[in-house]
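Throughout, my numbering is defined as the position within the sequence shown, counted from one, plus 14. Here the structure is laid out as structure tokens; the discussion comes afterwards.
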Amino acid sequence: MIPHFNEREINGLRLQLSKPNNISIVMHYKPDGDAMGSALALYDFFLAYGHHVTVVAPSLYPEFLFWLPGNEIVLNFETHQAEAENCLLHADLIFVLDFNDATRVEGMQHALLQSDAIKVMIDHHLQPTDFCDVTFSFNEASSTCELVYRFMFAMYADYKLSLAAAQNIYTGILTDTGSFKFSSTTGDVHRIIAHLIDTGVVPNEIHEKIYDNFSESRTRFLGYCLEQKLVVLQPYNIAYIAVTSAELKLFKHETGDTEGIVNYALGIKGMRMAAFFTEQDNGVKISFRSKGTFSVKALAAAHFNGGGHLNAAGGKSPENLEQTITKFIALLPFYENQLV
Ligand SMILES: [Mn+2]
């Protein structure tokens, strides 16, 4: 099903945007390829229509995204708090991308909620909370980048897609679909990709920038995780990896370094679910992945203060690493029917 933007809400936005506006674009804490790609694509779009646009990130993001067109204008809330707050407070409109609840911007939450700006959410996570004036939420969409692409043409059917916007959108769809392999990758998604390539996107260049851009220590960390830390629970078709903060330090961990490692665990023949546990200062962060109908979103929401998508979700635990893993393993018999 193709996400359809509500006509009345689009008309309202078109009217509001018929004169130059101050627009701020925000995304979730520790932004990924989809969050940054959608924000910078929308930045380029609104700039083309004569608006004053700022992009405010709640935190730093991985270096492999620094090449994205427009990256140089992104304000990091954690390092430029006053300037970032000023953007949000003086905005006429704030676009909220790739998240569904104000808590997802962490420390920036107060400034976001305090602003009188009209807030517009464009997102694909399940069950958005009601903190925006306009909520475009389509959980079946592959990515927020897909939605931003559709939003642009819903706003102005004659919009001429720029190469910068196309490269940003390509990056978000690429990363949020696991390189076009998740079940959300429909024919319509591929038709968007075709348009992006026709606009000038060179796929192999972007793949290289995103995936062949690891530091030596990150590659050695991956090897260490797979050789030393991987645990396979054959009876449940589950594999997991848990790393301590000392191990992260040993491998000079940087933001984004643990990303994707969970997929190697899921890649073992027969596995239905995989988890990656990361010890942090105040608990444990968990990434869950699954195959088929097993919902890691439900598991994360029910037991680990988390959420996300059917096959990709995240959670948190306030307990220590050992206690968290004990809890995880103790839960498995309750899911046996769905896993085996
Ligand atoms: Mn996303």
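Beta carbons are placed, not taken as given, at the ideal position from N, Cα and C, and that holds for glycine. Bear in mind the structure is a predicted one, so any value in this text is a computation, not a measurement.
Considering only heavy atoms of ligand 1, does any lie closer than 7 Å to the CB of residue i?
| i | result |
| --- | --- |
| S151 | no |
| T258 | no |
| T117 | no |
| T158 | yes |
| H18 | no |
| H94 | no |
| H138 | yes |
| D190 | yes |
| D48 | yes |
| D112 | yes |
Return the first residue and the last residue of the beta strand (DSSP E) that residue i is part of.
| i | result |
| --- | --- |
| G328 | 326-331 |
| S151 | 148-151 |
According to DSSP, residue i sits in a beta bridge with which residue or residues?
| i | result |
| --- | --- |
| M285 | Looking at the DSSP assignment, M285 forms no beta bridge with any residue, so it has no partner. |
| Y254 | V245, A289 |
| L107 | I37, I132 |
| I300 | F291, G329 |
| D137 | S151 |
| L89 | V70 |
| G322 | A327 |
Whose C-alpha, out of the options, is nearest the C-alpha of residue i?
| i | options | result |
| --- | --- | --- |
| E293 | T338, A98, F302 | T338 |
| I37 | A96, I108, Y63 | I108 |
| K299 | R118, P45, S331 | S331 |
| E261 | A315, L346, G237 | G237 |
| I9 | S129, V148, H138, N90 | The chain is shown only over 15 to 354; residue 9 falls outside these bounds and no answer can be derived. |
| K195 | N277, I282, N20, L210 | N277 |
| L111 | K263, A71, E77 | A71 |
| A327 | N319, V310, G297 | V310 |
| D130 | S157, D137, L102 | L102 |
| R22 | G322, S301, A168 | A168 |
| L244 | L177, L346, M15, I282 | I282 |
| A344 | G321, L313, N325 | L313 |
For residue i, count the other beta carbons within 10 Å of its own beta carbon; 16 or more makes it buried, fewer makes it exposed. Which is it?
| i | result |
| --- | --- |
| V354 | exposed |
| Q181 | buried |
| A279 | buried |
| I187 | buried |
| I206 | buried |
| M41 | buried |
| K133 | buried |
| M135 | buried |
| G84 | buried |
| Y225 | exposed |
| I16 | exposed |
Can you tell me where the alpha helix (DSSP H) holding residue i begins and where it ends?
| i | result |
| --- | --- |
| S231 | 230-238 |
| A71 | Taken as a continuous stretch (DSSP letters only), A71 belongs to no alpha helix (DSSP H), being part of the beta strand (DSSP E) at 66-71. |
| T85 | Here residue 85 is Asn; the residue named in the question, Thr, does not match the sequence. Looking at the DSSP string, N85 is not in any alpha helix (DSSP H), and its letter there is neither H nor E. |
| P217 | 217-225 |
| H209 | 201-213 |
| T143 | Counting along the chain, T143 falls outside any alpha helix (DSSP H), and DSSP gives it neither H nor E. |
| R28 | 21-30 |
| P347 | 335-353 |
| H18 | H18 -> no alpha helix (DSSP H), and no H or E assigned at all. |
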